[in-house]
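Numbering of the sequence shown is given in this note's numbering, commencing with residue 12 and proceeding in unit increments. Here's the structure we're looking at; comments come further down.
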Amino acid sequence: MLRCLAVDDEAFATRLLASYIQKIPTLELVGTTTNPLEALQWVQEGRADLVFLDIQMPELTGLQFLKICGHRCKVILTTAYPEYALDGYEHDVVDYLLKP
């Protein structure tokens, strides 16, 4: 099972991601947070294998998160901004989910 963490500054988005993650038997939701700095700590401690990560967040953007995090975990970017797709793939993200 992949341990998953949902990170988005909008609580509604983390709840929605959590509901989708919980429907997939090979994924285990280990947490949700609206604080990217808290998520960074989770990743640095090895508590998540896969992070669903928003790009536009106030304290730390998703792209800044990727630069700090390195390759400690797999990342799927979740954002309403398609123009960030190429930036994400330059950081070897697993996938890119476009929000409606």
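We put the beta carbon where it would ideally sit given N, CA and C, even for glycine.
How about LEU51 and ILE79: do their beta carbons lie closer than 8 Å? Numbered from 1 along the sequence shown, position 40 holds the residue referred to as residue 51. Numbered from 1 along the sequence shown, position 68 holds the residue referred to as residue 79. Yes, they are a contact pair.
N- and C-terminal bounds of the alpha helix (DSSP H) containing THR25: In the sequence shown, residue 25 corresponds to position 14, counting from 1. Residues 22-32.
The segment 15-31 contacting the segment 41-50, beta-carbon criterion three pairs below 8 Å: yes
I'd like the ranges of any beta strand (DSSP E) spanning at least 3 consecutive residues and lying wholly in the segment 43-68. 61-65
Distance check for PRO69 and THR37, CA to CA, integer angstroms please. Here residue 37 corresponds to residue number 26 of the sequence shown, with the count starting at 1. Here residue 69 corresponds to residue number 58 of the sequence shown, with the count starting at 1. Their backbone Cα atoms lie some 31 Å apart in a straight line.
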